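In what follows, a structure is listed as structure tokens, so that the remarks can point back to it.
In our numbering, the protein residues as written are 1 to 105.
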């Protein structure tokens with residue numbers, strides 16, 4: 001059993017779900033991702049940045065939860081299905097991405 005340093009692991013999310021959420025995660029989680037990156041850059045101890053890593057996981061999980069709830073759920077699922085059907089070739093799903101993002105504005 002892997003050591004998680006007391007972190008509560010988020011529910012599993014498949015690759016198309018993460019790819020569909022990536023553009024939102026990148027924007028909404030930028031500050032926690034930067035803090036984690038800076039911590040890792042300045043520390044060779046793998047346990048030094050557990051708190052920042054937990055913040056990254058929590059932020060990404062919250063984004064996925066938001067996208068999975070109304071009114072975004074249908075557009076998010078359509079985008080995921082397109083990504084899966086097209087083997088991760090995101091450019092083939094740009095209309096679904098735009099539709100999902102339009103609901104967020």
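The beta carbon of each residue, even a glycine, is placed where N, CA and C say it ideally should be.
It should be emphasised that the depicted structure is a prediction, and the values quoted were computed from it without experimental measurement.
Rounded separation between residue 52 and residue 13 - CA only: Walking along the chain shown from the start, residue 52 turns up at place 52. Walking along the chain shown from the start, residue 13 turns up at place 13. Each residue's Cα considered, the two are about 20 Å apart.
Range of the contiguous alpha helix (DSSP H) that encloses residue 76: Mapped onto the chain shown, residue 76 falls at position 76. Run containing residue 76: 73 to 85, per the alpha helix (DSSP H) assignment.
Distance CB(residue 64)-CB(residue 33) smaller than 8 Å: The residue you call residue 64 lines up with position 64 of the chain shown. The residue you call residue 33 lines up with position 33 of the chain shown. Cβ distance not < 8 Å, so residue 64 and residue 33 don't count as in contact.
Three or more C-beta pairs below 8 Å linking the region 30 to 49 and the region 65 to 78: no
Nearest neighbour of residue 99, chosen from 15, 16 and 20 [CA to CA]: Taking the first residue of the chain shown as position 1, residue 99 is located at position 99. The candidate whose alpha carbon is nearest that of residue 99 is 20.
Under 8 Å between C-beta atoms of residue 92 and residue 86: Indexing the chain shown from 1 puts residue 92 at position 92. Indexing the chain shown from 1 puts residue 86 at position 86. Result yes, Cβ atoms of residue 92 and residue 86 sit closer than 8 Å.
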